[in-house]
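Presented below is the structure to which this report refers.
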Amino acid sequence: MDYPTNKQFLFGPDWDLNRWTSSDDRVRGGSSVSNLEPTAEGVRFYGNLDIETLGGAGFASQRTVGDEQTWDLSGYDGVELRIIPSDKNRYTFSLTDEIPPRRPDGREQSALIWEFDFSANEAGREVRLSWKDLKPTYRGKPVEDARPLDLSRIRRFRIMIRR
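For the record, in the sequence shown the residue sitting at position 84 is 83 according to numbering that gives the first Met the number 0, with numbers rising by one throughout.
Pasting the structure below:
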């Protein structure tokens, strides 16, 4: 895939951490924790992934906040993530074009999201993905025959580690 030279930073190089929040398995009784920390290169995603509490599963993630923000990415071919040297774990980048209404208890409902899994390594790397690389999922499970992602109204971004 050819990558255009026309690029736009979505969140860097100066990250506003007020635009991000943790969304960890604690909402389901787990005990994983995620954090973002500014660095000279961008932001560091770190924390603790606990897979014992929920019987072999767990997730720790950071996502954008707010119900009003919309990004129009329809004029772009994909996304590039610049990963600093890291571990060899599998991470997931995801985005969605909808934010469902909240449940009566105030928690967010699940939505159809588009995901891309990648691994980092000790050397770091650039992860380039085209929109077709994103796979539609609902609560982490693939969705066959999903509607197309509306790139003109992206509502949320997420970075996650899970098992």
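Don't be surprised by glycine CBs; every beta carbon is placed ideally from N, CA and C.
- Using a Cβ distance threshold of 8 Å, VAL78 and LEU128 count as a contacting pair.
- Non-local C-beta neighbours of GLU97 in its own chain, meaning closer than 8 Å and more than five positions away in sequence, comprise ALA110, LEU111 and ARG154, ordered along the chain.
- Nearest to TYR90 by C-alpha distance, out of ARG124, ASP104 and ILE158, is ILE158.
- When Cβ pairs closer than 8 Å are counted between the two stretches, the segment 49-60 is seen not to touch the segment 98-106, the count staying below three.
- Note that the C-beta distance between PHE156 and LEU72 is not below 8 Å.
- Apart from sequence neighbours up to five positions away, the residues of its chain that approach ARG81 with a beta-carbon distance below 6 Å are GLU125, ordered along the chain.
- The secondary-structure analysis by DSSP pairs GLU36 across a beta bridge with ARG43.
- DSSP places VAL126 inside the beta strand (DSSP E), whose first and last residues are 124-129.
- Going by C-alpha positions, PHE58 is about 24 Å away from LEU148.
- If you look at PRO135, you'll find it in the beta strand (DSSP E) that goes 134-137.
- Counted as a single uninterrupted DSSP element, the beta strand (DSSP E) harbouring ASP116 occupies residues 111-118.
- Annotation for GLY77: the continuous beta strand (DSSP E) segment containing it runs 77-82.
- Counting the other CB atoms within 10 Å of its CB gives GLY29 a total of 16 or more, which places it among the buried residues.
- Here SER118 is near LYS87, since their CB atoms are less than 8 Å apart.
- In this structure, the alpha-carbon of ARG161 lies about 22 Å from that of GLU143.
- Secondary structure note for THR69: it is in no beta strand (DSSP E), with a DSSP letter that is neither H nor E.
- The Cβ atoms of LEU48 and SER31 sit closer than 8 Å to each other.
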